[in-house]
Amino acid sequence: MCFDKIHIGVYCEIVQGKYFPEIPRFSNRLVLENLVLEAQTTTVAVISAGDNPNAYLGSIDLLAFGYKNKDDYLTEVVKRPDGKFEIQIRPVKIYELHERIKIPLFGSIKSKYYCELICDEFERIKIRAGWMLEFCNDRDLVCAYALKHIQKAKQLFAESKRALNEIQETMVAENIYILIILNIFIVRTILFYQHLFRPYINAPEEKKEIMFFEILEEISFSKIDKILKDYLMQNLESLQKSFLGNTADPGISMLRSFINCGKTFSNNMKTNENIGNVKYQPIKINGQINVLVDIFTQLIDQQRTPDGPFLETSRENLEAFLVANFVDRNNKPLSSPTINTLLKPYRVDKHIKQDNPKRIDLSGLFETEE
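Numbering (my numbering), first residue to last: 36 to 405.
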């Protein structure tokens, strides 16, 4: 296998080159439908006219180029104008994401196909690196591979953040979305390389929280909010049909959720900066989770002061706070989906009942404000 190629090339091309989402040809649906096929078609060798392509193919393991098995690719020999031959490999299937990565959905054809490409490439990045680790017996070569790819991924992250910042000036929602998702996956690529090659490298590791915060710092939330409003106006008819059909448009609800989470995370990072070197551990709750959530709900919805609610925050922020600062009786983090459900006013089936003896009623602890 040729090790002089950087195995995150598709991500590089989305940031810097021929797959940058602003390029006009990516408004063509046919081009988008073949995006993965085009991007993953690779020239594995150039041979002279007198050489035997089959002999060359028999001498290398093509799985090293990012394939799980031999049924997932086809090879083709293409004659060039100079008389030489290119041996190309191309995929016959798209790899779906196997990681649990929460990404906001956006309702456009273009963003769908770009997400498909980004996820496919992430799976192939893992395959290529895994192949290198399994079949290369030269430790120095593995070390060089690991260091080279980690450094390149970090460099690409810096360039991708800059591209995200600049593309917001266009106010084109789907292109901004694509760069946000790409940044998330570049971060996951860095984390993957760091974990896989930890025994082979001796360098400080990048922290997930810090890198994610760096993405959020590049996002102008005021611009994103305006884009969402424009999206609503431009797609009003289809949105009305969605709501009448009892289905919410993912381009609004999920991207709005991402923005809210981003603001919450940004605020949390600033809070952590303010507490300096103070160390703390999550608080263990030995009782029912719905009792804890009910206490905070009472302080937000029922107990008031002359200046407003006793506690004032959004439900998204409260969810993030509870998940970050509490663990259950087994010292396991609280489930974000569970907290999310308990915070929904209409999910009374999950709330602790008013007459339940385990409920902690705060009403008698507060003086009524006149």
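Ideal Cβ placement from N, Cα and C applies to all residues, glycine included. The structure displayed is predicted, hence computed values, not measured ones.
{"Check": "Assigned exposure category for residue 325 - 16 Cβ within 10 Å defines buried", "Outcome": "buried"}
{"Check": "Nearest residue (CA-CA) to residue 120, options 157, 131, 394, 80", "Outcome": "80"}
{"Check": "Contacts around residue 363, its chain only, beta-carbon distance under 8 Å, and the 5 residues preceding and following it disregarded", "Outcome": "319, 320, 324, 369"}
{"Check": "Closest residue to residue 392 among 347, 322, 54 (Cα-Cα distance)", "Outcome": "322"}
{"Check": "8 Å contact criterion, which residue 346 and residue 331 should meet: CB distance rounded", "Outcome": "7 Å"}
{"Check": "DSSP bridge partner residues for residue 110 (one or two, in chain order)", "Outcome": "124"}
{"Check": "Nearest-angstrom beta carbon gap, residue 91 and residue 217 [assumed within contact, 8 Å]", "Outcome": "No, residue 217 and residue 91 are not in contact; Cβ-Cβ is about 34 Å, not under 8 Å."}
{"Check": "Contact under 9 Å by Cβ, residue 367 with residue 376", "Outcome": "no"}
{"Check": "C-alpha distance - residue 161 paired with residue 337, whole-angstrom precision", "Outcome": "50 Å"}
{"Check": "For residue 77, three-class secondary structure by DSSP", "Outcome": "strand"}
{"Check": "Where residue 165 falls: helix, strand or coil (DSSP)", "Outcome": "helix"}
{"Check": "Segment limits, alpha helix (DSSP H) that includes residue 186", "Outcome": "174-202"}
{"Check": "Local Cβ density within 10 Å of residue 142, reported as buried at 16 or more and exposed below that", "Outcome": "buried"}
{"Check": "Three-pair Cβ contact test at 8 Å for the segment 56-63 versus the segment 101-119", "Outcome": "no"}
{"Check": "Helix, strand or coil at residue 319 [DSSP, three-state]", "Outcome": "strand"}
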